[in-house]
Amino acid sequence: MKNIPFSNLNRAATIKKVADEEFDLVVIGGGITGGGIALDAASRGLKVALVEKGDFASGTSSKSTKLIHGGLRYLKQFDFWLVKEVGSERAIVHKLAPHLVIPEKMLLPLIENGSYGKWLASIGLKVYDILAQVTGDDKRKMLEKKEALKIEPLLPKKILKGAGYYAEYRTDDARLTIENIKTSLQFGAVPLNYAEVTDFVYVDERVAGVKIKDGITGEDYEIKSKYVISAAGPWVDELRGKNNSKKGKQLHLTKGVHLVFPYEKLPVKHSVYFDVPDGRMMFAIPRGKITYVGTTDTNFNKDKDNVDIDLADAIYLLSAVNHMFPKINLEMKDIISSWAGLRPLIHEEGKSASELSRKDEIFTSNSGLISIAGGKLTGYRKMAERVVNRISKKIEEDGGAELKECATDKIPLCGNVDFKKAKHVKKYIDEIYSRLKPDGFTKHDAWFLVTNYGKQTETILDTYATLKDKDIYERMAKAELRFGIDFEMIQTPMDFFIRRTGRLYFDIESVRTLMEPILSEFKSIFELEDKQISEWREELLAQIDTHSNFTLDRV
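Residue 557 is where the sequence shown ends in my numbering, and the numbering goes up by one at each step.
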């Protein structure tokens with residue numbers, strides 16, 4: 003699969019294309035749902051444009067728990083349909099991108115007076131396996147206390163009664179989003195970041211396009227389109243308001259917070275899905291150099307563009323971790339990074355944040371605007387299929403040709419050239435490590451490249467070989483950046499350090515050490531003035547402080 007140029011270096015030409023032509027469909031929102039819709043619609047033959055007001059995945063889709071998981075907790079709510087759908091989707095998305103959606107074992111500790119008793123956990127996990135069509139070694143096992151402690155010595159010996167041992171899938175949500183969007187290019191889609199929808203275009207009182215303000219130049223333009231889908235996540239209701247169609251069901255935003263610790267501070271051997279004293283459940287997930295924990299689930303009604311983490315969030319998560327892992331005494335100073343995101347759920351009267359359904363919902367306005375909200379990261383592909391089916395039906399009703407059936411379950415995502423299973427990814431990591439080891443790189447470095455880029459690693463290594471920087475990590479980061487600028491529409495250092503590489507969350511020290519070389523590279527490639535570089539430097543420093551500095555002034 004050849005890399006298709008996808009760059010803001012020729013942004014003017016992209017804008018001219020979207021402004022001059024008429025599209026079958028405009029998708030608003032460059033998160034995982036919008037990216038999935040663009041791929042689905044374009045692969046069925048529609049001419050598609052996608053617009054995102056910030057960077058791709060800059061909202062909810064870079065701030066989840068980063069799991070493609072089956073929603074075990076929904077069994078307790080008897081939501082078997084949701085468990086079956088998202089459980090089945092895990093295997094499909096893994097097949098599409100084995101380097102990005104990676105099977106890993108998960109422990110469910112059974113504790114005294116916990117959410118899951120031994121019988122309920124055993125039956126629940128068995129039903130989970132059946133609904134999700136789990137096979138082979140991934141099937142659940144029930145462990146006695148001694149076996150559980152052998153697998154995870156940090157568990158609370160005094161209150162532990164045993165554990166469930168089953169499989170889930172880890173991912174990088176932002177990478178999964180950008181690979182869906184890039185794959186849509188193969189079918190002619192035209193995605194654009196930093197393009198904010200300010201209003202809709204109407205013909206005979208029907209939505210016939212969108213008005214855009216360019217986030218880079220500040221210029222305004224229009225995109226003409228037969229149909230428009232809003233997949234703007236937490237901003238769906240704002241766009242419904244602009245369309246005068248914010249009636250009936252509305253969004254209920256909840257906040258989810260995650261904290262990041264050095265792995266040596268919380269050295270869990272497996273991901274753990276554990277009880278919190280207030281009755282909720284939480285994850286502790288090891289990932290390379292770090293372990294992260296989350297999440298909270300609280301109502302949110304503040305600025306959606308600035309989702310903060312206050313001291314209460316941090317204390318809640320710290321207390322929960324220290325309760326489940328009594329040998330670990332984590333403190334506020336141990337937090338090295340964090341993130342917080344919003345869930346765009348559908349409001350249900352009388353239900354708390356944790357009780358709200360994770361099902362998606364489609365709204366159609368009288369003027370033809372179609373909006374989709376709710377749902378889970380795991381179910382993004384089926385959400386896209388449902389809403390594109392809705393468009394397909396409208397096209398037929400309007401006298402158009404019948405669209406092809408959804409085929410996104412068979413379209414490999416960028417980066418997956420010939421990976422069939424997880425073992426092929428592991429073999430490729432070993433191969434990359436053997437090639438990089440003589441230069442001084444570690445096995446973790448090879449793992450990082452492959453699990454971010456898959457076979458696109460080859461393009462990055464080709465660039466790495468041409469660079470002359472003495473420091474190998476600066477050289478590799480610059481090669482990654484050039485790949486991101488040429489093929490992933492990177493526009494700012496935040497795009498690079500947060501969404502394309504995850505460094506701010508998973509390796510925050512590298513942001514500090516690589517900041518100046520990367521800023522220098524931006525200045526050279528984009529031919530920027532010192533003023534812009536200074537502004538970005540200040541923004542990066544502010545991001546580092548916001549995500550890692552938890553002190554009393556955050557109350």
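From the three backbone atoms N, C-alpha and C, an ideal C-beta is built for every residue, glycine too.
Determine the direct distance from the alpha carbon of residue j to that of residue i, and round the result to whole angstroms.
i: I70; j: V95; result: 8 Å
i: L304; j: A544; result: A small fix is needed here, since residue 304 is Lys in this sequence, not Leu. Using only the alpha carbons, I get a separation of about 20 Å.
i: L554; j: S339; result: With a pLDDT of 46 at L554, under the threshold of 50, the predicted position of this residue should be treated as unreliable, and no value is reported.
i: I225; j: D175; result: 28 Å
i: L313; j: V323; result: 16 Å
i: V557; j: L261; result: Caution is warranted here: a pLDDT of 42 is assigned to V557, below 50, making its placement in the model unreliable, and the coordinate value is therefore given only provisionally. C-alpha separation (whole angstroms): 16 Å.
i: V230; j: M491; result: 23 Å
i: L344; j: P440; result: 43 Å
i: E91; j: L178; result: 14 Å
i: K396; j: A191; result: 20 Å
i: I434; j: Y475; result: 15 Å
i: N331; j: S522; result: 41 Å
i: I500; j: I180; result: 13 Å
i: D532; j: P193; result: 29 Å
i: I6; j: A21; result: 21 Å
i: E404; j: K19; result: 26 Å
i: D471; j: R484; result: 14 Å
i: V203; j: I214; result: 10 Å
i: F58; j: S66; result: 14 Å
i: F524; j: G126; result: 51 Å
i: F489; j: P328; result: 46 Å
i: L463; j: E87; result: 38 Å
i: N10; j: L542; result: 20 Å
i: T185; j: A386; result: 14 Å
i: P495; j: I527; result: 12 Å
i: A316; j: M334; result: 8 Å
i: K291; j: E460; result: 24 Å
i: G401; j: I393; result: 12 Å
i: T35; j: K148; result: 43 Å
i: I510; j: S550; result: 9 Å
i: H426; j: D432; result: 10 Å
i: A14; j: G116; result: 57 Å
i: L151; j: A123; result: 17 Å
i: T16; j: L530; result: 20 Å
Flag this pair as yes or no: are the beta carbons of residue i and residue j separated by less than 8 Å?
i: S273; j: E106; result: yes
i: G89; j: Y118; result: no
i: V50; j: D26; result: yes
i: H562; j: F498; result: The chain is shown only over 3 to 557; residue 562 falls outside these bounds and no answer can be derived.
i: L198; j: I161; result: What sits at residue 198 in the sequence shown is Glu, not Leu. Going by C-beta atoms, E198 is not nearer than 8 Å to I161.
i: L187; j: F302; result: no
i: Q493; j: N195; result: yes
i: E154; j: L112; result: no
i: A286; j: V270; result: yes
i: I364; j: F552; result: no
i: A167; j: L145; result: Per the sequence shown, the amino acid found at residue 167 is Tyr instead of Ala. It is a contact, given that the beta carbons lie within the stated cut-off.
Just checking my contact of residue i with residue j at CB under 8 Å: how many whole Å lie between their CB atoms?
i: L320; j: T293; result: That pair is no contact at about 13 Å.
i: A342; j: I374; result: With 8 Å as the limit, A342 and I374 do not qualify as a contact, their Cβ atoms being about 23 Å apart.
i: A249; j: T173; result: Just to set this straight, residue 249 is Lys in the shown sequence, not Ala. In fact, because the Cβ distance is near 36 Å, the residues do not count as touching under 8 Å.
i: F276; j: M326; result: 5 Å
i: T366; j: R383; result: Not really, about 21 Å apart at Cβ, beyond 8 Å.
i: A467; j: I520; result: With 8 Å as the limit, A467 and I520 do not qualify as a contact, their Cβ atoms being about 19 Å apart.
i: G61; j: G33; result: 6 Å
i: E234; j: I30; result: Note on residue identity: the sequence assigns Ala, not Glu, to residue 234. Confirmed, about 5 Å.
i: L41; j: N182; result: 5 Å
i: V259; j: T219; result: At roughly 35 Å, the Cβ-Cβ gap does not stay under 8 Å, so V259 and T219 are not in contact.
i: N368; j: S247; result: 7 Å
i: A43; j: V390; result: 5 Å
i: V28; j: V212; result: 6 Å
Does the ligand MG have even one heavy atom less than 7 Å from the beta-carbon of residue i?
i: K163; result: Absence of the ligand MG from the depicted structure is noted, as is the absence of any ligand whatsoever, leaving it without description.
Looking at the C-beta of residue i, does it have a partner C-beta in chain D at a distance below 8 Å?
i: N454; result: No chain D appears in the structure shown, which is made up of a single protein chain.
Q) When the Cβ atoms of the stretch 273-284 are set against those of the stretch 239-257, are three or more pairs found closer than 8 Å? A) Proximity of the stretch 273-284 to the stretch 239-257 falls short of the contact definition, fewer than three beta-carbon pairs being nearer than 8 Å.
**Q.** contact_flag[the stretch 407-426, the stretch 448-462] where n(CB pairs < 8 Å) is 3 or more
**A.** yes
Q.
For the stretch 363-382 against the stretch 232-251, do three or more pairs of beta-carbon atoms, one drawn from each stretch, fall closer than 8 Å, so that the two count as touching?
A. yes
Q: Determine, using beta-carbon pairs with one atom in the stretch 505-515 and one in the stretch 535-551, whether at least three such pairs fall under 8 Å.
A: yes
**Q.** Unbroken stretches of the alpha helix (DSSP H), 4 residues or longer, contained in the stretch 77-143
**A.** Within the stretch 77-143, the complete alpha helix (DSSP H) runs of at least 4 residues are 82-98, 120-133.
**Q.** beta strand (DSSP E) segments (min. 3 residues) lying fully within the stretch 171-251
**A.** Runs of the beta strand (DSSP E) inside the stretch 171-251: 192-194, 197-205, 208-216, 222-232.
Q) Where in the stretch 264-295 do unbroken runs of the beta strand (DSSP E), each at least 3 residues long, occur, reported from the N-terminal end onward? A) 273-277, 283-289
(Q) Give the list of continuous alpha helix (DSSP H) stretches no shorter than 4 residues that lie fully inside the stretch 495-528. (A) 505-508, 510-528
Q: Go through the stretch 355-434 residue by residue and report every complete run of the alpha helix (DSSP H) that reaches 4 residues or more, in order.
A: 382-399
Q | Whole alpha helix (DSSP H) elements within the stretch 428-478, 4-residue minimum | A | 445-455, 459-468
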